[in-house]
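Take any residue in the sequence shown, count from 1 to its spot, add 789: that is its number in our numbering. A short worksheet on the structure shown next.
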Amino acid sequence: MTVLRPPTPSSLLALRQELSSAVDAVPLTPTAPEGPNPEGRPVDAAEARAAAATGRAHTAVARGVRSLGGAIEEIFLPRRAADAHDVVIEVEFCGLCHSDVHAARGEWGSRALPFVTGHEMVGRVVAVGSSVTAHAVGDRVGVGCLVGSCRRCDACLRGQEMFCTQGSVGTYGAWDRFHGERTQGGYATSIVVAEDFVLKVPEALDAAAAAPLLCAGITSYSPLRAAGVGEGTRVGVAGLGGLGHLAVKLAAAMGAEVTAFTTSPAKVEAARALGAHHTVLSTDPEAMAAAAASLDVVIDAISAPHDVNAYLKTLRPTGRLAQIGLPPGGGGGQAVDAALLVRHGLSLVGSKIGGIPETQEMLDFCAEHGVATDVEVVGADGLNEAWDRMVAGDVRYRFVLDNSTL
Ligand code: ZN
Ligand code: ZN
């Protein structure tokens, strides 16, 4: 089993340079205009896919909302012509992320409409710009939460584009100042993305099961790597949803001894099936007391308000708790017991997705170690129900849209 160490800035920089292409030639359009997003003329999906493969401006068939909180419906989405550094992708599968629902239901502020979500895409390259070197027509690729950043600031040069000091460009609902357009996501037949933000998805991975790795996978992988998790590290995972179930699988694949915290006895078997070596019923004070000071790392993937101190107590001295779940509204207001941190030398950190080089590293790791998301594939007609079921926690563990049904 490979023993992993935290990535060094120099190794990330090398990967960064491999993936990097020039942005100097791109005219910047600094501010977003007011008003709605443009819509294209109605086309059928076969026509849309054929037009995408020309590399020219085209209309994609998509699913999105025309009002925040409204039902998901058919949208005809203009996609730009591929510029010199762009890759045109026919999207095959797109994961359904909780962020999609929060954003489309207006829980994270206003959005220009219509609005198409989706930032966990796997598909095939169908056209490339004249200067693209990293990808070729026919390659299987993926796109995650980011489609742009300045590429020049300290964070970008370290391969941490999500912390770009100039502001990274989200895959949907963001203003792409490099191309002068609002971004629209992957519930669509095609997408056009700068090559720097396109990942290589190994053929060994199942396309549907790989899609959620682009957001949920890297969000779980990055804090495990940052904590130096390897053979024998004792890792706890709290919250067994889309993020947490991947954290269990990834930590086990890294050689860790994994403890899953569950809220119900019914989930114990499911946690073991994911690769957890131990389970602790978090609602049982005696079980939690017995787990005190036993873990090196805790990945806290709970996205509801909860008592983080209960999990800090499960850490050994100098242990680290990484918070990756984010409650709706962005906070939680839970007080952290500073004395716990001081007395035991603990670290409490946050982690936000991961940069492009580390996302590529994660995909390669998953292919090598056979890590995949447990998915339930849905067609375009099932999206509204899938969102409701996701909010209700009724999925093991991630829905994925089959984009061939658009
Ligand atoms: Zn996401
Ligand atoms: Zn930057």
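No residue lacks a Cβ here, since even glycine has one placed at the ideal position from N, Cα and C.
Ignore the nearest five residues each way along the sequence and tell me which others in residue i's own chain have a CB closer than 6 Å to its CB.
i, result
"glycine 1074", "The question names glycine, yet the displayed sequence has proline at residue 1074. Within the same chain, proline 1074 has no close Cβ partners at all."
"alanine 814", "Bear in mind that the predicted position of alanine 814 carries a pLDDT of just 48, short of 50, making it too unreliable to give a figure here."
"lysine 1141", "Met951"
"glutamate 1046", "Arg1023, His1066"
"aspartate 889", "Thr906"
"alanine 996", "Glu881, Phe882, Val911"
For residue i, is the beta carbon positioned less than 6 Å from some heavy atom of ligand 2?
i, result
"cysteine 934", "no"
"serine 762", "The structure shown does not extend to residue 762, since the chain is modelled only from 790 through 1195, so no value can be given for it."
"serine 938", "yes"
"cysteine 1155", "no"
Excluding the five sequence neighbours on either side, which residues of its own chain have a C-beta within less than 8 Å of the C-beta of residue i, listed in chain order?
i, result
"glycine 1134", "Pro1106, Thr1107"
"proline 1001", "Gly884, Cys886, Glu909, Gly1031, Leu1035, Thr1162, Val1164, Arg1187, Val1189"
"glutamate 846", "According to the sequence as given, residue 846 is alanine; it is not glutamate. The answer, listed in chain order, is Pro867, Arg868, Arg869, Ala870."
"leucine 1115", "Ser1092"
"alanine 821", "Ala901, Trp964, Arg971"
"leucine 988", "Val930, Gly931, Val932, Gly933, Leu1003, Ile1145, Thr1148, Gln1149, Leu1152"
For residue i, which three-state DSSP category applies?
i, result
"glutamine 1149", "helix"
"proline 1074", "helix"
"cysteine 953", "coil"
"lysine 1038", "helix"
"methionine 910", "strand"
"serine 1136", "strand"
"threonine 1008", "helix"
"arginine 900", "coil"
"lysine 1102", "coil"
"histidine 924", "coil"
"alanine 993", "coil"
"histidine 777", "Summary: the structure shown does not reach residue 777, with the chain confined to residues 790 through 1195, and so no result is reported for it."
"alanine 814", "Residue confidence is low: alanine 814 scores 48 on pLDDT, short of 50, so the model does not pin down where it sits. Its coordinate-derived value is still stated next. Alanine 814 falls in the coil class under three-state DSSP."
"aspartate 1177", "helix"
"glycine 1033", "helix"
"leucine 935", "strand"
"serine 1092", "coil"
"histidine 847", "strand"
"threonine 960", "coil"
"valine 1164", "strand"
"glycine 1171", "helix"
"phenylalanine 967", "coil"
"glycine 1182", "coil"
"proline 1054", "helix"
"cysteine 883", "strand"
"serine 979", "strand"
"alanine 835", "helix"
Can you tell me whether residue i sits near ligand 1, meaning its C-beta is under 6 Å from at least one heavy atom of the ligand?
i, result
"cysteine 883", "no"
"serine 957", "no"
"serine 888", "yes"
"cysteine 1004", "yes"
Write down the C-beta distance between residue i and residue j rounded to the nearest angstrom, noting that I regard them as a contact closer than 8 Å.
i, j, result
"isoleucine 878", "serine 979", "6 Å"
"valine 1037", "glycine 1017", "Contact doesn't hold; Cβ gap of about 18 Å is too wide."
"leucine 1137", "leucine 1110", "5 Å"
"valine 1026", "isoleucine 1113", "Contact doesn't hold; Cβ gap of about 10 Å is too wide."
"alanine 1042", "valine 1160", "5 Å"
"glycine 948", "glycine 1144", "4 Å"
"alanine 871", "valine 981", "6 Å"
"valine 1057", "threonine 1051", "6 Å"
"glycine 1028", "serine 1092", "7 Å"
"threonine 954", "alanine 944", "6 Å"
"alanine 916", "valine 926", "7 Å"
"valine 1125", "valine 1097", "6 Å"
"alanine 983", "aspartate 875", "6 Å"
"alanine 837", "threonine 848", "6 Å"
Please return the same chain residues whose Cβ sits closer than 7 Å to the Cβ of residue i, not counting the five positions on each side in sequence.
i, result
"asparagine 1173", "Ala860, Ile861"
"alanine 1081", "Lys1102, Thr1103"
"glycine 1168", "Asp1191, Thr1194"
"valine 1184", "Glu1165, Arg1178"
"glutamate 992", "Arg929"
"leucine 1039", "Ser1009, Tyr1010, Leu1013, Val1160"
"threonine 1072", "Thr1052"
"cysteine 934", "His908, Gly959, Thr960, Cys1004, Ile1142"
Return no unless some Cβ of chain C is closer than 7 Å to the Cβ of residue i.
i, result
"threonine 1194", "Absent from the structure: chain C. Only one protein chain is present."
Any contact of the stretch 1183-1195 with the stretch 956-973, i.e. 3+ C-beta pairs under 8 Å? By the criterion of at least three beta-carbon pairs nearer than 8 Å, the stretch 1183-1195 is not in contact with the stretch 956-973.
Spell out a yes or no on whether the stretch 901-913 and the stretch 841-858 are touching, meaning 3 or more CB-CB pairs, one atom from each, closer than 8 Å. Flag = yes, the stretch 901-913 and the stretch 841-858 touch.
Inter-stretch contact (C-beta, 8 Å, three-pair minimum) for the stretch 918-927 and the stretch 994-1014: No, the stretch 918-927 is not in contact with the stretch 994-1014.
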